[in-house]
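> Have a look at the structure that comes next, please.
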Amino acid sequence: SSINDLKDEL
Amino acid sequence: MNIFRLAGDLTHLISILVLLLKIYATKSCSGISLKTQELYALVFLARYLDLFTDFVSVYNTVMKLVFIGSSLAIVWCMRMHRIVKRSYNRELDTFRHYFLVAGSFVLALVVHEKFTLQEIFWAFSIYLEAVAILPQLVLLQRSGNVDNLTGQYVFFLGAYRAFYILNWIYRYFTEQRFGRWISWISGLVQTALYADFFYYYFMSWKNNAKLQLPA
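Which chain is which? The protein sequence lines are V and X, in order.
Heads up: the first sequence is residues 2 to 11, going by our numbering.
Heads up: the second sequence is residues 921 to 1135, going by our numbering.
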């Protein structure tokens, strides 16, 4: 899902 | 991780180091908006709620701790440090930043990806960060001349999100990940708010003149 797409960003 | 995001994170880190240098080297926080520092502390606390629950990488965790720790240390310094707090321009730093907090929170309640505590606080932190620089820009306009370190601090702080926008474009084309449109729009607004500052900053650098923001 798009939710965790950018979870690795600050 | 891509070069744009790494450049963005390092630029963000540099802005914090420049601010710490200014405060510790000059023992003064003149020209710095305490309200912007408080907003940034809130941004990091709201955004990194998953600090202890979701482990992404050592780099990610360390940077989150640095951002939270440094923003709280700067707020503490400007409020409590005997010498530093004397140079705070209280009478110039009058932006009603509570409205920015309230507005961002209400917007996050309405516009978010998922109605969960973590996602709402994440959206809140993204909206708040987009406008967090406003008290600082208002203070710069009111305080006339801007000392070099303060100007560099604002410059790097504005540049970091511009690198993030390049990172999102890069990820869109390489990983087919549209990512989060909330970040896209807020990031564009955030960077646009620095536009006039960047213009005057560049002109002062080109003419080798002191940075002056028109009142």
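Quick reminder that beta carbons are idealized off the backbone N, C-alpha and C, glycines included.
Note that this is a predicted model, so its numbers are computed, not measured.
#1: Against chain V, does residue 1114/X count as a neighbour if the rule is that its beta carbon must be under 9 Å from one of theirs?
#2: Tell me residue 1065/X's beta-bridge partners as DSSP assigns them.
#3: Can you name, in chain order, every residue of its own chain whose Cβ lies under 7 Å from the Cβ of residue 1046/X, other than the five neighbours on each side?
#4: Ordered along the chain, which non-local residues of its own chain (more than five positions away) have a Cβ less than 7 Å from that of residue 990/X?
#5: By the 10 Å Cβ neighbour count, where 16 or more other Cβ atoms means buried, how is residue 977/X classified, buried or exposed?
#6: For a cutoff of 9 Å on Cβ pairs, would you count residue 976/X as touching chain V?
#7: Can you find a CB in chain V that lies within less than 9 Å of the CB of residue 1138/X?
#8: Which same chain residues, not among the five before or five after residue 1098/X, have their C-beta less than 7 Å away from its C-beta?
#9: Please name the residue, chosen from 944/X, 1051/X, 933/X, that lies closest to residue 959/X on a Cα-to-Cα basis.
From the atom records:
#1: For the purposes of this step, residue 1114/X is identified with residue 194 of the second sequence, where counting begins at 1. No, residue 1114/X does not count as interfacial toward chain V.
#2: Residue mapping note: residue 1065/X aligns to position 145 of the second sequence, counting from 1. Bridge partners of residue 1065/X according to DSSP: 1132/X.
#3: For the purposes of this step, residue 1046/X is taken as residue 126 along the second sequence, with counting starting at 1. If the five residues before and after residue 1046/X are omitted, its C-beta is found closer than 7 Å to the C-beta atoms of 1102, 1103, 1106, all from its own chain and listed in chain order.
#4: As a working mapping, residue 990/X is identified with position 70 in the second sequence. Excluding positions up to five away in sequence, the list reads 936, 940.
#5: Taking the second sequence and counting its residues from 1, one reaches residue 977/X at position 57. Of the residues assessed, residue 977/X falls on the exposed side of the cut-off, its CB having fewer than 16 other CB atoms within 10 angstroms.
#6: The residue given as residue 976/X occupies position 56 in the second sequence. Yes, contact with chain V.
#7: The first residue shown for chain X is 921 and the last is 1135, placing residue 1138/X beyond what the model contains.
#8: Stepping through the second sequence from its first residue, residue 1098/X is reached at position 178. Excluding sequence neighbours, residue 1098/X sits near 1092.
#9: If you number the second sequence from 1, residue 959/X lands on position 39. Ranking the options by Cα distance to residue 959/X, first place goes to 1051/X.
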